[in-house]
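Read in order, the letters of the sequence shown correspond to residues -18 to 247 in the numbering used here. Glycine included, C-beta positions come from ideal geometry on N, C-alpha and C. Report on the following structure.
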Amino acid sequence: MPQRLWHHLIRVSADRKTFKTPRRPYEKERLDAELKLLENTGSAAQRRNTAAREAKEEDVNSHQAWHGATLQPTPTMPTNAIHRSYRKTFKTPRRPYEKERLDAELKLVGEYGLRCKREIWRVQYALAKLRKAARTLLTLDPKDPKRIFEGAALMRRMARYGLLADDELELDSVLQLSTQKLLERRLQTKVYKQGLAKSIHHARVLIRQRHIRVGSQPVNVPSFNVRTSSEKHIDFAVNSPYGQGPPGRVAKKRAASRAAAGEDEE
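Following this line, the structure appears as structure tokens:
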């Protein structure tokens, strides 16, 4: 490029131009002179690269002849860096200030004891993926192997989590699912409705403080989706003060104060 020539005609500075284009861009004498300079510069650079490559090959060959063996690649230290790609778990609304949606979300937050609206968006995103899978399968022929195989798997999943009844196991029923249906399957909701907590917010505190177990496994995730086969196994943890565990900090403190008061009366 002629810019390489023009660049050397002006002093390089950070706050000014590094080259200046010619006033007469199509002047024949200047074009021929620039082309000749470019050819000479390119040929010199090619000669330098060829000489450097030949010198490097000669050094490698002499080193191999001296040691009598081929060069081995330099060993590198093993790395245990884990590269994980996280997928999206929620999707924000397109209209952030829509009054009807804001009121509906605020009602769901209070009804199900959610921490923030992001939990609603996460459930809506999961529901959207279920609906998308159902719509994709509905476009296929009923005898299509993909629809038969994946449709049966989707129905088993819906029945396993209690999202559809036994008489509703159809792809059309998946399109009729609502956000409330998925929120009803949360562990927080189940703990409150089974009478283990005084309120929906108390249920969240119990779960976060590891007082609740599902089967034999303590669960501290309020958004845990409970299967229909696990509903009857929700109970207090074995080592919880609410269950069969030792008394907690406050109970011990009160017992000690009562014992001290009894000694004073005696």
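Does residue i pass the burial test, meaning 16 or more other C-beta atoms within 10 Å, or should it be called exposed?
{"i": "LYS179", "result": "exposed"}
{"i": "THR70", "result": "exposed"}
{"i": "GLN169", "result": "buried"}
{"i": "GLU81", "result": "exposed"}
{"i": "GLY132", "result": "buried"}
{"i": "TYR250", "result": "Look at the range of the chain in this structure, -18 to 247, and you will see that residue 250 is not part of it."}
{"i": "SER(-6)", "result": "The predicted position of SER(-6) is uncertain, since its pLDDT is 47 and thus under 50; a value taken from the coordinates is nonetheless stated next. SER(-6) is exposed by the Cβ-count criterion."}
{"i": "GLU244", "result": "exposed"}
{"i": "HIS192", "result": "buried"}
{"i": "ARG76", "result": "exposed"}
{"i": "LEU164", "result": "buried"}
{"i": "TYR173", "result": "buried"}
{"i": "SER221", "result": "buried"}
{"i": "VAL202", "result": "exposed"}
{"i": "GLU246", "result": "exposed"}
Quick one: Cα of residue i to Cα of residue j, how far?
{"i": "ARG208", "j": "LYS124", "result": "30 Å"}
{"i": "LEU108", "j": "ARG141", "result": "16 Å"}
{"i": "ARG138", "j": "GLY196", "result": "20 Å"}
{"i": "LEU187", "j": "ALA241", "result": "30 Å"}
{"i": "LEU177", "j": "LYS98", "result": "25 Å"}
{"i": "HIS183", "j": "SER204", "result": "14 Å"}
{"i": "ASN42", "j": "ARG34", "result": "12 Å"}
{"i": "GLN161", "j": "ARG68", "result": "24 Å"}
{"i": "ASP122", "j": "PHE130", "result": "12 Å"}
{"i": "SER66", "j": "TYR223", "result": "40 Å"}
{"i": "GLU15", "j": "LYS9", "result": "10 Å"}
{"i": "ALA232", "j": "GLU100", "result": "34 Å"}
{"i": "PHE217", "j": "LEU95", "result": "21 Å"}
{"i": "GLN190", "j": "GLN175", "result": "18 Å"}
{"i": "SER308", "j": "LYS72", "result": "Because the chain spans -18 through 247 in this model, residue 308 falls outside it and cannot be assessed."}
Let me know the secondary structure DSSP gives residue i once reduced to three states.
{"i": "ASP216", "result": "strand"}
{"i": "PRO126", "result": "helix"}
{"i": "ARG235", "result": "helix"}
{"i": "ASN301", "result": "Past the edges of the chain, shown from -18 to 247, lies residue 301, and the structure says nothing about it."}
{"i": "SER(-6)", "result": "Unreliable placement is indicated for SER(-6), whose pLDDT of 47 sits below 50; the coordinate value is still reported in the next sentence. The answer is coil: DSSP assigns SER(-6) none of H, G, I, E or B."}
Grab me the residues of residue i's own chain with a C-beta within less than 7 Å of its C-beta, minus the 5 sequence neighbours each way, in chain order.
{"i": "MET136", "result": "LEU150"}
{"i": "ALA114", "result": "LEU135"}
{"i": "LEU119", "result": "LEU152"}
{"i": "GLN225", "result": "VAL219"}
{"i": "SER154", "result": "LEU145"}
At which residues does the beta strand (DSSP E) containing residue i begin and terminate?
{"i": "VAL195", "result": "193 to 195"}
Residue range of the alpha helix (DSSP H) that residue i falls in?
{"i": "GLN161", "result": "160 to 164"}
{"i": "HIS182", "result": "181 to 189"}
{"i": "ARG116", "result": "98 to 119"}
{"i": "LYS174", "result": "168 to 174"}
{"i": "TYR93", "result": "80 to 93"}
{"i": "SER154", "result": "152 to 155"}
Within its chain, find whatever has a CB closer than 8 Å to the CB of residue i; leave out the 5 residues flanking it on each side and keep chain order.
{"i": "PRO74", "result": "ARG82, TRP102"}
{"i": "ARG166", "result": "TYR142, GLY143, LEU144, ASN206, VAL207"}
{"i": "LYS171", "result": "VAL207, GLU212, ILE215"}
Leaving aside the five residues before and after residue i along the sequence, list all residues of the same chain whose C-beta is less than 6 Å from its C-beta, in chain order.
{"i": "SER211", "result": "VAL195"}
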